[in-house]
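Heads up: the sequence lines are chains B and X, in that order. So the first sequence is numbered by this note's numbering: it starts at 13 and just counts up by one. So the second sequence is numbered by this note's numbering: it starts at 23 and just counts up by one. Glycine included, C-beta positions come from ideal geometry on N, C-alpha and C. For reference, the structure discussed in these notes is given below.
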Amino acid sequence: MSDKVLLDYGSGGRASHRLIKDLFLKYLGGPALNRLDDAAFIEDMHGPLAMSTDTFTIYPLFFPGGDIGSLAVHGTVNDVAMLGAEPRYLSCAFLLEEGLDMQDLENIVRSMSEAARNCGVQVVTGDTKVVPRGAADKMFINTTGIGRIIADPAPSGSRAEPGDAVLISGTMGDHGLAVLAHRQGLSFETDILSDSRALNGLTCNLIRQVGNVHVFRDPTRGGLATTLNEIASQSGMEILVHEERIPVHREVQAGCSFLGLDPLYLANEGKFISILPETLAEKALELMRSHPAGRDAALIGHVREGHRGRVILKTSLGGHRLLDMLEGEQLPRIC
Amino acid sequence: MVWVLNFINKFKDPELCRNILEKIRNEATTPFRFMEVCGTHTVAIFQSGIKTLLPENISHISGPGCPVCVTHDREVAAFLALAEQGVQLATFGDLMRVPGPYGRSLKSVQADGGRIQVVYSPFDALQLALDNPGEKVVFLGVGFETTAPAVAATLKVAREQGVKNFFVLSMHKLVPPALQALAMERDIRVDGLLLPGHVSTIIGVQPYFFLASDYGMPAVITGFEPLDILQSILILLHQKKDGRIRIVNNYKRAVADQGNPKALAVMNEVFVPADARWRGLGNIPGSGLLLREEFSEFDAWKAFDPKTEDVQALPGCRCGQVLKGQILPDECPLFRNKCTPASPVGPCMVSTEGSCAAFFKYFV
């Protein structure tokens with residue numbers, strides 16, 4: 013094969029078949045994908061199902077702590093998991109720019125394969141398109157995931173109730189700052205790594221061993237602040253969080269302070285919010301902290317009646333302020 | 023290592039802050055209004071919750087110390103015109119959303135194909151010019167004394183290297199002349215000023231002396247942590263009580279009394295003070311910086327002569343009064359209605375450090 017992606021590879025002809033066989037089947041192959049039929053044949057999924065789709069575009073393709081491939085697997089697996097489901101199958105569509113480095117593509121597909129194996133999902137169907145140079149930025153990946161819901165009732169952003177405890181699974185802002193810093197060529201004393209990882213292992217444990225989770229939600233784009241606002245608004249509740257209980261890596265805090273950014277608005281790709289009755293909070297925290305995906309888990313606040321859809325931050329000094337939703341992109345400031 | 027928000031240093035220590043707050047409560051026997059000049063202070067006061075912790079008879083208003091907010095409509099019109107001419111612009115990020123004539127902004131011009139690169143320092147902008155010798159790169163020079171020296175140093179490097187495709191559209195502004203304009207306002211209602219920490223690291227203490235000597239206005243150079251701000255408020259209250267009005271440097275860990283002579287020298291070598299228009303405040307003599315004759319080859323105003331048509335300000339916008347502390351943001355009829363961070367009308371809603379934006383974002 014050529015060392016660059018050619019338009020031929022998306023033609024559907026021999027060149028496409030070679031790419032599928034030598035690359036995609038090599039790394040992602042399995043009983044369903046290997047059949048090379050027009051659709052995936054799935055016979056073992058019954059009961060309530062969760063399905064989610066997401067398209068991934070990130071610059072740079074490789075960043076500290078991950079790459080677009082692992083991100084595309086984790087992102088969709090996590091979205092399925094947030095509905096209280098056990099993710100099982102993924103579809104995967106690649107949109108490639110002509111001229112993309114084949115080695116980069118191979119590294120990304122390999123990384124997807126590892127990520128899928130680690131979170132116990134299989135890629136069962138896929139698609140590849142190649143567009144002329146300039147029509148896309150290197151590569152976009154779409155993944156769709158499906159899984160069986162094991163929680164009854166399923167968690168939902170609209171189920172937060174007065175008195176519920178608000179838990180987060182770890183530090184905030186790592187992914188957003190890692191990507192931004194890498195993109196801008198900024199370096200800090202210690203490397204900040206993206207937190208991109210699968211969360212389904214831990215969320216399934218929580219459902220099975222603690223139960224009665226009202227809300228799972230991963231604070232990706234828009235960060236913790238935006239996600240909490242979504243939940244408050246969907247549930248018609250007010251949420252109060254304590255600034256001093258929100259874990260943030262020191263390097264992330266310092267980097268944000270330098271760039272004029274707020275870690276509570278930065279994206280996370282391996283963290284989730286869990287809202288459940290206060291009586292279950294301690295058990296849930298203990299379980300989370302014993303799992304690699306929840307080592308720094310913390311109880312950060314509570315749900316209450318009050319002003320519907322509002323999130324209040326109690327500051328370290330004991331004052332209060334609104335924790336509003338992110339408006340647009342966060343932009344570094346002048347001074 | 024995991025830290026919890028806001029415990030990085032002793033200037034955020036809640037215990038120390040509570041002590042000072044207690045003293046402020048004891049001192050604040052009569053109503054007192056202070057103005058923070060710097061947008062970073064505005065955000066810190068809201069963000070830390072200080073606003074909700076001060077006794078009721080202490081109120082604060084946010085002054086004109088956000089460089090984005092005070093960039094004048096005519097200046098915005100000028101750089102949008104440059105972007106539409108197809109020149110490569112390099113800018114600090116927070117200028118991207120500033121609305122200009124007809125609701126246009128750099129963001130919308132960019133969506134239409136305008137070439138705009140967000141940079142973190144003027145040197146990045148110069149690098150952009152060096153990397154693209156066939157392009158004309160214009161850096162949008164917005165900011166106070168904090169930013170101007172770095173731009174000046176960049177221009178010196180550009181001249182030494184004989185760069186021909188790098189330009190600066192200087193819209194820099196100077197803080198002391200604006201403070202003088204505020205102090206001269208007859209209907210100004212301010213009992214004391216928190217002076218900007220970053221600007222003071224460059225200019226030092228002396229340029230503020232006139233505030234105390236000519237206008238009887240107490241003022242304290244202040245850092246940006248909660249403890250800095252609370253201490254400075256306490257100093258202002260003390261001055262009011264004992265009647266000894268003076269300028270105090272309460273940010274000695276960063277601000278030398280004489281400022282930064284090297285930075286001042288390079289700034290003066292490249293720039294010359296000129297009259298400037300401020301959004302909300304109007305024309306203020308000697309409050310802007312233009313490139314000196316020796317650097318005129320880099321002057322984007324001269325090289326491109328962008329149009330600075332006069333634009334009609336939106337009727338009803340009361341940013342001018344907000345900037346002078348005459349009204350609070352929510353007393354403006356546009357606030358939260360026509361004017362929001364998503365579609366800002368006035369300067370104070372534009373930047374994240376603007377007083378209306380901070381009020382909108384944080385006020386409970």
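Buried/exposed call for Arg126/X, threshold 16 Cβ in 10 Å
As a working note, residue 126/X is residue 104 in the second sequence. Arg126/X should be labelled buried.
Lys73/X versus chain B: which residues are under 8 Å apart at the beta carbon?
Mapped onto the second sequence, residue 73/X falls at position 51. Neighbours of Lys73/X on chain B, chain order: Gly331, Arg333.
Rounded to whole angstroms, how far is the Cβ of Asn187/X from the Cβ of Pro155/X, which I believe are closer than 8 Å?
Translated into positions along the second sequence, residue 187/X becomes position 165. Translated into positions along the second sequence, residue 155/X becomes position 133. Yes, they are in contact, since the Cβ atoms of Asn187/X and Pro155/X sit about 6 Å apart, within 8 Å.
Please determine if the stretch 172-192 of chain B and the stretch 221-238 of chain B are in contact, where contact requires at least 3 C-beta pairs separated by less than 8 Å.
yes
Which residues in the same chain have their Cβ closer than 8 Å to the Cβ of Val131/X, if we skip the five residues on either side of it in sequence?
Within the second sequence, numbered from 1, the residue matching residue 131/X stands at position 109. Excluding sequence neighbours, Val131/X sits near Leu102, Ala105, Glu106, Ile138.
Extent of the continuous alpha helix (DSSP H) to which Pro99/B belongs
By one-based count along the first sequence, residue 99/B stands at place 87. It is not in any alpha helix (DSSP H) - Pro99/B instead sits in the beta strand (DSSP E) that spans 97-109.
Under three-state DSSP, which class holds Ile251/X?
Residue numbering aside, residue 251/X sits at position 229 when the second sequence is read from its first letter. It is helical.
Terminal residues of the continuous alpha helix (DSSP H) containing Val120/X?
Locating residue 120/X in the second sequence gives position 98, where the first residue counts as 1. Careful: Val120/X lies outside any alpha helix (DSSP H) and carries neither H nor E.
Cβ atoms of Gly77/B and Cys104/B: under 7 Å apart, would you say?
Counted from its first residue, the first sequence places residue 104/B at position 92. Counted from its first residue, the first sequence places residue 77/B at position 65. No, the Cβ-Cβ distance between Cys104/B and Gly77/B is not below 7 Å.
Which word fits Glu167/X, buried or exposed, when buried means at least 16 other C-beta atoms lie within 10 angstroms of its C-beta?
Within the second sequence, numbered from 1, the residue matching residue 167/X stands at position 145. Burial call: buried.
Between Ile195/B and the rest of its own chain, which residues show a CB-CB distance below 7 Å, the 5 nearest in sequence each way excluded?
Position 183 of the first sequence, counted from the first residue, corresponds to residue 195/B. Before going on, a small fix: residue 195/B reads as Arg here, not Ile. If we look at Arg195/B and ignore the five residues flanking it on each side, its Cβ neighbours are Tyr71, Pro72.
With three or more C-beta pairs closer than 8 Å as the rule, is the stretch 26-40 of chain B touching the stretch 140-155 of chain B?
yes
Using beta carbons (cut-off 7 Å, strictly below), is Ser70/X in contact with chain B?
Here residue 70/X refers to the residue found at position 48 when the second sequence is read from its first residue. For Ser70/X, the answer is yes, since a Cβ of chain B falls inside 7 Å of its Cβ.
Quick one: what does DSSP say Ala296/X is sitting in, helix, strand or coil?
Here residue 296/X corresponds to residue number 274 of the second sequence, with the count starting at 1. The answer is strand: DSSP assigns Ala296/X an E or B state.
Straight-line Cα distance separating Gly331/B from Glu37/X:
Numbered from 1 along the second sequence, position 15 holds the residue referred to as residue 37/X. Numbered from 1 along the first sequence, position 319 holds the residue referred to as residue 331/B. Cα to Cα, the separation comes out at about 13 Å.
Determine, using beta-carbon pairs with one atom in the stretch 318-338 of chain B and one in the stretch 241-249 of chain B, whether at least three such pairs fall under 8 Å.
yes
Scan the stretch 223-250 of chain X for residues whose Cβ lies nearer than 9 Å to a Cβ of chain B and list them as they occur along the chain.
Pro248
Entirely within the stretch 37-121 of chain X and at least 3 residues each: give me those beta strand (DSSP E) ranges in chain order.
54-60, 80-87, 110-113
Say whether chain B places a C-beta atom closer than 7 Å to the C-beta of Pro366/X.
Against the second sequence, residue 366/X aligns to sequence position 344. With 7 Å as the cut-off, Pro366/X does not count as an interface residue toward chain B.
The stretch 137-149 of chain X: positions lying closer than 8 Å to chain B by Cβ:
Val140, Tyr142
If you drop the 5 nearest sequence neighbours on each side, which residues of the same chain put their C-beta closer than 6 Å to that of Ala147/B?
The sequence position of residue 147/B within the first sequence is 135, counting from 1. Cβ within range, chain order: n/a, list empty.
If contacts are defined as beta-carbon pairs under 8 Å, then Thr65/B and Thr156/B qualify, I think. What distance do you get, rounded to the angstrom?
Residue 65/B sits at position 53 when you count from the first residue of the first sequence. Residue 156/B sits at position 144 when you count from the first residue of the first sequence. With a Cβ gap of about 4 Å, Thr65/B and Thr156/B count as contacting.
Indicate whether Thr74/X and Phe246/X have their beta-carbon atoms separated by less than 7 Å.
For the purposes of this step, residue 74/X is identified with residue 52 of the second sequence, where counting begins at 1. For the purposes of this step, residue 246/X is identified with residue 224 of the second sequence, where counting begins at 1. In this structure, Phe246/X does not lie closer than 7 Å to Thr74/X by Cβ.
First and last residue of the uninterrupted beta strand (DSSP E) at Met151/B
The residue you call residue 151/B lines up with position 139 of the first sequence. Met151/B -> beta strand (DSSP E) spans 151-161.
Reduced DSSP secondary structure (H/G/I, E/B, other) of Lys326/B
Start at 1 with the first residue of the first sequence, and residue 326/B comes out as number 314. Three-state result, Lys326/B: strand.
Report buried or exposed for Asp230/B, applying the criterion of at least 16 other Cβ atoms within 10 angstroms of its Cβ.
The count along the first sequence starts at 1 and reaches residue 230/B at position 218. Asp230/B is buried by the Cβ-count criterion.
Which one of Ala66/X, Ile46/X, Val59/X has the shortest CA to CA distance from Phe33/X?
Your numbering for residue 33/X matches position 11 in the second sequence. Among Ala66/X, Ile46/X, Val59/X, the Cα nearest to that of Phe33/X belongs to Ala66/X.
Alpha carbons only, please: which of Ser14/B, Gly213/B, Asp20/B, Tyr39/B is nearest the one belonging to Met114/B?
If you number the first sequence from 1, residue 114/B lands on position 102. Closest by alpha carbon: Ser14/B.
Using a Cβ-Cβ cut-off of less than 8 Å, give me the residues of the stretch 191-205 of chain B that come near chain X, in sequence order.
Gln196, Leu198
Tell me where the beta strand (DSSP E) around Ala177/B begins and ends.
For the purposes of this step, residue 177/B is taken as residue 165 along the first sequence, with counting starting at 1. Per DSSP, Ala177/B belongs to the beta strand (DSSP E) from 176-180.
Can you have a look at Ser23/B and say buried or exposed, based on whether 16 or more other CB atoms are within 10 angstroms of its CB?
The residue given as residue 23/B occupies position 11 in the first sequence. Burial call: exposed.
Taking its Cβ as the centre, do 16 or more other Cβ atoms sit within 10 Å of Ile346/B, making it buried, or is it exposed?
By 1-based counting over the first sequence, the position of residue 346/B is 334. Confidence at Ile346/B is low in this model, with a pLDDT of 47, below 50, so the placement of that residue should be treated as unreliable; the coordinate-derived value is given next. Per the 10 Å Cβ criterion, buried.
Would you mind sorting Gln253/X into buried or exposed? The rule is 16 or more other CB atoms within 10 Å of its CB.
In the second sequence, residue 253/X corresponds to position 231, counting from 1. Flag for Gln253/X reads buried.
Which same chain residues end up closer than 8 Å to Glu331/X when comparing Cβ atoms and leaving out the 5 residues on each side of it in sequence?
The residue given as residue 331/X occupies position 309 in the second sequence. Around Glu331/X: Arg96, Ala99, Pro123.
In chain B, which residues lie less than 7 Å from Pro155/X when you measure between Cβ atoms?
What you label residue 155/X is simply residue 133 of the second sequence in a count that begins at 1. In chain order: nothing, as chain B lies at least about 21 Å away.
Span separating the alpha-carbon of Gly59/B from that of Asn119/B:
Your numbering for residue 59/B matches position 47 in the first sequence. Your numbering for residue 119/B matches position 107 in the first sequence. Their backbone Cα atoms lie some 36 Å apart in a straight line.
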